[in-house]
Amino acid sequence: MPLRLRGSMYRLIRFERTNDHWTARFSDTAAFIPPPDRLADDPLRLAALNATCTVTLHLHQDQKVDAADLLGVLGRKRSEVWMGVRIARDADSIELLHLYLACAMEAGLSRMTATTDAITTATITPPFEWGAMAVPGAGDLAYIILRPAHTTTVASDLMYDIGVIGHGQGGFSLAGYVADAICLWARKYRERSVRIDLQRSDACKQIDGQFVFDRPNTRLVIDWE
């Protein structure tokens, strides 16, 4: 089943019952947007980041972010941070980084979509055709970018440097905060497997773990083992 874990982070998960909770036995990337009939249960807000609305940020109910504060953020002070971390540009590698950031960032991780015009005019410089993943702040924004680390003729072997672009008065600090989390992931969690558990919120004995998110009816626990 496709499940939104936190922010814009979705995974395709197969759960199996384990005593009083469910444990993920299979988890994969899921570029999933909920159908209209589910938006009432899990509302999605689209925050315009520029006046022409060519760049928008997806905000979910677990993200306590004021969308109005983000309007015009791309025109504010810009900063760029590179931390020497490299990654293969395949879905599994980048998605596991995104999953970690979605858990580690206080405001979660959001999908930032951009039109072709916004990309060609360099309003933003995202790593993907659709846009980038971003961390919202209070009037600030930081998003993840990639650049080729070296030249190769074998596309699957091409490695990318990971960077962060920040916008806003506190954009440099926010970009540094995201960069520090990326370095921690690369150093400590990159080679570990991910465990996802789900439990009813009224369970007698609640499970615990590295990242715990209490939702309206369930408790979600995500660990790197």
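Numbering of the sequence shown is given in the working numbering, commencing with residue 539 and proceeding in unit increments. We put the beta carbon where it would ideally sit given N, CA and C, even for glycine. Only a predicted model underlies this, so the values are computations on that prediction, with no experimental measurement involved.
Query, Result
"Close-in-space but distant-in-sequence residues of the same chain around S739 (CB under 8 Å, 5 per side omitted)", "D752, R753, P754, N755, T756, R757"
"Three-state secondary structure (DSSP) of R725", "helix"
"Backbone CA spacing between H636 and C742 [nearest angstrom]", "32 Å"
"Check whether P674 and L597 have beta carbons under 9 Å apart", "yes"
"DSSP state of R544 mapped onto helix, strand, coil", "strand"
"CB contact flag (L722, I700, <9 Å)", "no"
"Residue range of the unbroken alpha helix (DSSP H) whose run includes D558", "Here D558 belongs to no alpha helix (DSSP H), and DSSP marks it neither H nor E."
"Collapsed DSSP secondary structure at G708 in the structure displayed", "coil"
"Sufficient close CB pairs (3 or more, under 8 Å) joining the region 552-566 to the region 645-665", "no"
"Unbroken stretches of the beta strand (DSSP E), 3 residues or longer, contained in the region 725-758", "732-738, 749-752"
"Reference V702, options C641, A626, A719, G610, closest by Cα", "A719"
"Closest by C-alpha distance to L679, when choosing among F749, Q748, S565, R616", "R616"
"Every unbroken beta strand (DSSP E) within the region 635-679, with a cutoff of 3 residues, ordered by chain", "648-652, 669-674"
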